[in-house]
Amino acid sequence: MTKENKDLLASVSDISTESEFFSPLPAGYKKGKTRYVFVMGTVMSGLGKGIFSSCLAKLLQDKGLKVAPIKLEGYLNVDSGTLNPFRHGEVFVLDDGMECDMDLGTYERMLDQNLTRSNFATSGQIFSSVLNKERHGDYLGRDVQMIPHVTGEVKLKLRQLAMESKADVVFVEIGGTVGDLENAYFIEATRELAYEEGPNSSCFVALTYILEPKTLGEQKSKAAQLGIKQLMQCGIQPDIIACRAGSPVNEKARQKISVYSNVPFERVISLADSDSIYMIPAMLRENGLDFQVLRLLKIEDRINLQKERKEWGKWCDFTEKMDSLNREVTIGITGKYTTVRDSYASIINALEHAGIALGCKEKIKWIDTTDITDANVAENLCDVDGIIVPGGFGTRGAEGKIACIKYARENNLPYLGLCFGFQMAVIEFARNVCGIKDANSTEIKPGWPKPVIDILPEQKEIEGLGGNMRLGGHDIELKKKTMAWKLFGKKDSVRMRFRHRYEVDPRYIEQLEKAGLVFSGKAPNQPIMQILELPEHPFFLGTQAHPCLTSRPLRPQPMFVGLVSAALQRHYPKEKLPDCIQAVEKYAMV
Ligand code: GLN
274 MTKENKDLLA
284 SVSDISTESE
294 FFSPLPAGYK
304 KGKTRYVFVM
314 GTVMSGLGKG
324 IFSSCLAKLL
334 QDKGLKVAPI
344 KLEGYLNVDS
354 GTLNPFRHGE
364 VFVLDDGMEC
374 DMDLGTYERM
384 LDQNLTRSNF
394 ATSGQIFSSV
404 LNKERHGDYL
414 GRDVQMIPHV
424 TGEVKLKLRQ
434 LAMESKADVV
444 FVEIGGTVGD
454 LENAYFIEAT
464 RELAYEEGPN
474 SSCFVALTYI
484 LEPKTLGEQK
494 SKAAQLGIKQ
504 LMQCGIQPDI
514 IACRAGSPVN
524 EKARQKISVY
534 SNVPFERVIS
544 LADSDSIYMI
554 PAMLRENGLD
564 FQVLRLLKIE
574 DRINLQKERK
584 EWGKWCDFTE
594 KMDSLNREVT
604 IGITGKYTTV
614 RDSYASIINA
624 LEHAGIALGC
634 KEKIKWIDTT
644 DITDANVAEN
654 LCDVDGIIVP
664 GGFGTRGAEG
674 KIACIKYARE
684 NNLPYLGLCF
694 GFQMAVIEFA
704 RNVCGIKDAN
714 STEIKPGWPK
724 PVIDILPEQK
734 EIEGLGGNMR
744 LGGHDIELKK
754 KTMAWKLFGK
764 KDSVRMRFRH
774 RYEVDPRYIE
784 QLEKAGLVFS
794 GKAPNQPIMQ
804 ILELPEHPFF
814 LGTQAHPCLT
824 SRPLRPQPMF
834 VGLVSAALQR
844 HYPKEKLPDC
854 IQAVEKYAMV
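Numbering of the sequence shown is given in our numbering, commencing with residue 274 and proceeding in unit increments.
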C-alpha cells in the first residue's frame, strides 16, 4: 500500500472489511464545512452547463466567497490531449500542463482564476486510480465495486479539491446528460456525498431544455419533465431548475415543471439564449439565483456586500463597453478546422477581449489554406486588416499558411503567429529572407536535412501520442526594447502556456538573427525560442506559446491587444483612433 493511501485510509473510520461503508476522506476533512453546488443536464447535452456554472460561481465569488469549480467528464481518456478538436472543441491547457476540456477555459475566464488538474476529472482518471489502488492491495481484501469504491473515488476527488482550494463552495459540473450510462456513477457519487455532508451542504441544479416546435408555436415542457423525473429516479431532488430555451420560458411551462418536480416556482427559472455569455451573470442575478443558492446552503452570513458592489460595478463597465463598440476590423484566421468555432474558442475569446478593450468589433474571416499559393494569396487577404496563423498539427495547408505569412511580411499586414504559426513564420523567413530555400519542419517532412523547425530533444525520447508534448506554463525571458517587451509592460519576463513537440533548431538561430529576425522571448537557461518579431514591420509577432489561453475579459492578453490595435491602425486614419495607443499601454500585461 502506498504511504499516501495508508495515511488516507488511516484517517477514515468507516473503512473495514466488515463494514459496507467506504467513503475515504482526505486527512483533516470536516464534513459539512465546504458547500457543494452540483450542476447536471437533462433532455440534451450542449445546454451550456459550464457557462451556467461558471456564471453562478462568479456571482458568489464577487460576494467575497472562495469558489472552486470541477468538471467531471464521462469519457475514458485520462485527459483531453488525444481528443480531436473537431469533435470535442479545443484542448484547453492549464498552467500545470493538464490538457482538459474547453469548459475549463470558460471557468478560468469567468472567474479570472488559474485552475489545475484538481479541477478536472475524467472516468479514465477515476478508474486508473481505482485500479492502481486495487493492485497495491489498498482495498483490504474487498471485492472492488462501482458502489462504494468507484463512487468513493469520485467523492474523494471532490473533497480533496475542497481541502486544497479551501473553497467556501465547490461547483461540480457533470458532463453529458442525466441518463447517460457513462455518467451514472458520477450522479450516484453526488447523491452519496450530499447525504454524507448533511443538510444544507449541497444544492442540486438541473439544467433542462424547453422545446418550441415551429409547427405548434408554443413551448412544450414534457421532455424537461421526463428528464427531471429521471434525475429524481436517481434519488436526487433538484433544488433549482434552469430552463434553457430559444426565447424566454413562459409561466405556464415553468408552473408545470414546478408541479412535477417539487421545486418551488421561483426556483424554476427561465434562461433564454443570449448573444454573449458575458450577459448571463446579469440574467442569473435578475432571477435572484445567487441569493437562492446562498439561502439553500445557509451561507448568507459569509458574504461581503461592499466587495460585491465593487466587483459588479467593474463587470457592468465591461458589459456596457461591449454594447458600444463603434469600430470594426476584419481578422483572418487560417486553420484546418475552419467550420468549427469551438476548435478555436480561446482565440475567438482573446480577440473579443482585446476588441472590447479597444472599442472595436472583430469580424473573423476563416481562411482554408489548402489551395492558397503565392499566386492567389493577395486576393484571399485583400479584405483583412490582420491575420492569425493559429496552432496546428500535421502537413495539410502548411504551404498555404507560409504563403499568407510571406504576404503579411511583405505588405505590412499585421500578423500574429501562434505556436504552429510561429514555426511557419520561421520557415518563411528562413526561405525567403535568409536564402535557405528548402527550409522546413521535420513535422512536415520527417528526416528533412534542413529542419529549421525540429523536434525538441526531450520529446524524442517519448513514444506514442498521449502525453508527449512540452506542456503548460513556462517563463519567457523578454529582450529589452523589443515590441514584445513593450507589449508586456517592459517586464523582464512573462509566463505563457505551451503545447508543442517541435521548436526552432538552435543551429539556425544565429543565421536567422543576422538576417533581421529578432527572437524577443526565450526560455530561461535553454536555447528554446519563444517569441519572434520583425522590427521594421508595423506588427509581426509570433510565439511558440498559446497566449489566447490566458486572456481574460477584464485583462485582455497584450499580444491580442497589439494585433487588434495594429489592425485598427491599418483600417482607420490616425485621427479616428486617439485612444488606441494608450489602450495598448493600459493593457500591457497585468
Ligand atoms: N505541431 C506543432 C508542434 O507540435 C505545433 C503545435 C501547436 O500548434 N500546438 O510543435
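Even for Gly, the Cβ is constructed at its ideal location relative to N, Cα and C.
(request) Report yes if the C-beta of glycine 664 is less than 8 Å from at least one heavy atom of ligand 1; otherwise report no. (result) In the sequence shown, residue 664 corresponds to position 391, counting from 1. Yes, Cβ of glycine 664 sits closer than 8 Å to a heavy atom of ligand 1.
(request) Hey, could you find the ends of the beta strand (DSSP E) tryptophan 721 is sitting in? (result) Your numbering for residue 721 matches position 448 in the sequence shown. Going by DSSP, tryptophan 721 is part of no beta strand (DSSP E) at all; its letter is neither H nor E.
(request) Would you mind sorting serine 353 into buried or exposed? The rule is 16 or more other CB atoms within 10 Å of its CB. (result) Within the sequence shown, numbered from 1, the residue matching residue 353 stands at position 80. That one is buried.
(message) By the three-class DSSP mapping on this structure, what secondary structure does glutamate 736 have?
(response) Taking the sequence shown and counting its residues from 1, one reaches residue 736 at position 463. Residue placement at glutamate 736 cannot be trusted, given a pLDDT of 48 that sits under 50; what the coordinates show is reported in the next sentence. Looking at glutamate 736 - three-state DSSP - the assignment turns out to be coil, as it is neither helix nor strand.
(message) Pop quiz: glutamate 312 and phenylalanine 294 are said to be a contact at Cβ under 8 Å. What is the actual Cβ separation, rounded to whole angstroms?
(response) As a position in the sequence shown, residue 312 is number 39, starting the count at 1. As a position in the sequence shown, residue 294 is number 21, starting the count at 1. The residue asked about is misnamed: residue 312 is valine in this sequence, not glutamate. Contact doesn't hold; Cβ gap of about 27 Å is too wide.
(request) Taking only the alpha-carbon atoms, compute the straight-line gap between lysine 493 and alanine 618 and give it to the nearest angstrom. (result) Reading the sequence shown from its first residue, position 220 is the one you call residue 493. Reading the sequence shown from its first residue, position 345 is the one you call residue 618. Answer to the nearest angstrom: the Cα atoms are 32 Å apart.
(request) Determine the closest residue to asparagine 392 out of Val366, Glu407, Tyr412 and Asp411, with distance taken between C-alpha atoms. (result) Looking up residue 392 in the sequence shown gives position 119. The candidate whose alpha carbon is nearest that of asparagine 392 is Val366.
(request) Can you grab the Cα-Cα spacing for the pair glutamate 539 / arginine 527, in whole Å? (result) Position 266 of the sequence shown, counted from the first residue, corresponds to residue 539. Position 254 of the sequence shown, counted from the first residue, corresponds to residue 527. Spanning the two alpha carbons is a distance of roughly 9 Å.
(request) Specify, as a first and last residue, the run of the alpha helix (DSSP H) that methionine 375 falls within. (result) Indexing the sequence shown from 1 puts residue 375 at position 102. Per DSSP, methionine 375 belongs to no alpha helix (DSSP H) and is neither H nor E.
(message) According to DSSP, is tyrosine 775 part of a helix, a strand, or is it coil?
(response) Here residue 775 is taken as the residue at index 502 of the sequence shown, counted from 1. Note: tyrosine 775 maps to strand in three-state DSSP.
(message) With a threshold of 6 Å on Cβ separation, who are the neighbours of alanine 681 within its own chain once the five nearest residues in sequence on each side are excluded?
(response) The residue given as residue 681 occupies position 408 in the sequence shown. Cβ within range, chain order: Ile660 and Tyr688.
(request) Determine the contact status of threonine 315 and glutamine 503, defining contact as a CB-CB distance below 9 Å. (result) Position 42 of the sequence shown holds residue 315. Position 230 of the sequence shown holds residue 503. In this structure, glutamine 503 lies closer than 9 Å to threonine 315 by Cβ.
(request) Following the continuous alpha helix (DSSP H) through lysine 795, name the residue where it begins and the one where it ends. (result) In the sequence shown, the residue the question calls residue 795 occupies position 522. Unbroken run through lysine 795 is the beta strand (DSSP E), 791-795; no alpha helix (DSSP H).
(message) Can you look up glutamine 803 in the DSSP assignment and give me helix, strand or coil?
(response) Numbered from 1 along the sequence shown, position 530 holds the residue referred to as residue 803. In the structure shown, glutamine 803 sits in a strand (DSSP, three-state: E or B).
(message) Here's a check: name, in chain order, each residue in its chain whose Cβ is nearer than 7 Å to the Cβ of asparagine 599, leaving out the five neighbours to either side.
(response) As a working mapping, residue 599 is identified with position 326 in the sequence shown. The answer, listed in chain order, is Gly632.
(request) For my contact list, proline 472 and serine 296 are in at a C-beta cut-off of 8 Å; report their separation, rounded to the angstrom. (result) Position 199 of the sequence shown, counting from 1, holds the residue named residue 472. Position 23 of the sequence shown, counting from 1, holds the residue named residue 296. The Cβ separation is near 17 Å, so there is no contact.
(request) Please list, in chain order, all residues of the same chain as proline 779 whose beta carbon is under 7 Å from its beta carbon, the five residues on each side excluded. (result) The residue labelled residue 779 in the question sits at position 506 within the sequence shown. Counting only Cβ-Cβ distances below 7 Å, and skipping sequence neighbours, we find Pro800.
(request) Between the Cα of aspartate 335 and those of Arg575, Lys674, Gly664 and Met371, spot the shortest distance and give me the residue it belongs to. (result) Here residue 335 is taken as the residue at index 62 of the sequence shown, counted from 1. That would be Arg575, whose Cα lies nearest to the Cα of aspartate 335.
(request) Find the nearest neighbour of aspartate 656 within the set Gly508, Glu584, Ala341 and Trp639, judged by alpha-carbon distance. (result) As a first step, residue 656 must be located in the sequence shown, where it is residue number 383. When each option's Cα is compared against that of aspartate 656, the closest is Trp639.
(message) Check this for me: beta carbons of threonine 816 and methionine 769, under 9 Å apart or not?
(response) Within the sequence shown, residue 816 is the residue found at index 543, counting from 1. Within the sequence shown, residue 769 is the residue found at index 496, counting from 1. Result yes, Cβ atoms of threonine 816 and methionine 769 sit closer than 9 Å.
(message) Only counting the same chain, and skipping five residues up and downstream in sequence, which positions put a Cβ closer than 8 Å to that of glutamate 625?
(response) For the purposes of this step, residue 625 is identified with residue 352 of the sequence shown, where counting begins at 1. Correct list, in chain order: Glu635.
(request) Pull up the distance between the alpha-carbon of alanine 515 and that of threonine 607, whole angstroms please. (result) Your numbering for residue 515 matches position 242 in the sequence shown. Your numbering for residue 607 matches position 334 in the sequence shown. Their Cα atoms are separated by approximately 38 Å.
(message) Taking 8 Å as the limit between beta carbons, can you name the residues of its chain near leucine 332, skipping five residues before and five after?
(response) Locating residue 332 in the sequence shown gives position 59, where the first residue counts as 1. Within the same chain, leucine 332 has close Cβ partners Pro554, Leu557, Arg558, Leu562 and Asp563.
(request) Note down, in chain order, each residue of its chain lying with its Cβ closer than 6 Å to the Cβ of valine 423, except the 5 sequence neighbours on either side. (result) What you label residue 423 is simply residue 150 of the sequence shown in a count that begins at 1. Result list for valine 423: Val403 and Tyr458, in chain order.
(message) To the nearest angstrom, how far is the alpha carbon of proline 342 from that of tyrosine 775?
(response) By one-based count along the sequence shown, residue 342 stands at place 69. By one-based count along the sequence shown, residue 775 stands at place 502. The alpha-carbon of proline 342 is positioned some 33 Å away from that of tyrosine 775.
(request) Would you check if the distance between the CB atom of isoleucine 399 and the CB atom of lysine 430 is smaller than 9 Å? (result) As a working mapping, residue 399 is identified with position 126 in the sequence shown. As a working mapping, residue 430 is identified with position 157 in the sequence shown. Result yes, Cβ atoms of isoleucine 399 and lysine 430 sit closer than 9 Å.
(request) Would you list, in sequence order, the uninterrupted beta strand (DSSP E) runs of no fewer than 3 residues that lie entirely inside the region 487-570? (result) 513-518 and 541-545
(request) State the DSSP-derived secondary structure class of valine 478, mapped to helix, strand or coil. (result) Taking the sequence shown and counting its residues from 1, the one referred to as residue 478 is at position 205. It is a strand residue.
(request) Could you check how far apart the C-beta atoms of alanine 867 and serine 793 are, in whole angstroms? I think they sit under 8 Å. (result) With the chain represented from 274 up to 863, any question about residue 867 goes unanswered, as that position is not in the structure.
(request) Quick one: residues in its chain with C-beta nearer than 8 Å to the C-beta of phenylalanine 666, no 5 flanking neighbours on either side, listed in chain order? (result) Here residue 666 is taken as the residue at index 393 of the sequence shown, counted from 1. Excluding positions up to five away in sequence, the list reads Phe693 and Glu716.
(request) Pull up the CB-CB distance for alanine 479 and valine 340, whole angstroms please, since I reckon it's below 8 Å. (result) On the sequence shown, position 206 is the one that residue 479 refers to. On the sequence shown, position 67 is the one that residue 340 refers to. Wrong, their Cβ atoms sit about 20 Å apart, outside the cutoff.
(request) List the whole-angstrom C-beta distance separating valine 777 from valine 699, where the pair is believed to meet the contact cut-off of C-beta under 8 Å. (result) As a first step, residue 777 must be located in the sequence shown, where it is residue number 504. As a first step, residue 699 must be located in the sequence shown, where it is residue number 426. Right, the Cβ-Cβ distance comes to about 6 Å (below 8 Å), so this counts as a contact.
(request) With DSSP as the reference, label glutamate 601 as helix, strand or coil. (result) Here the question's residue 601 lines up with position 328 in the sequence shown. Of the three classes helix, strand and coil, the one that applies to glutamate 601 here is strand, per DSSP.
(request) Give the DSSP-derived three-state secondary structure of cysteine 633 in the structure shown. (result) As a position in the sequence shown, residue 633 is number 360, starting the count at 1. Here cysteine 633 sits in strand by DSSP.
(message) At the level of alpha carbons, what is the spacing between asparagine 498 and asparagine 535?
(response) If you number the sequence shown from 1, residue 498 lands on position 225. If you number the sequence shown from 1, residue 535 lands on position 262. The residue asked about is misnamed: residue 498 is glutamine in this sequence, not asparagine. Rounded to the nearest angstrom, the two C-alpha atoms are 11 Å apart.
(request) Would you kindly report the start and end of the unbroken beta strand (DSSP E) that includes leucine 814? (result) As a first step, residue 814 must be located in the sequence shown, where it is residue number 541. Start and end: 813-816.
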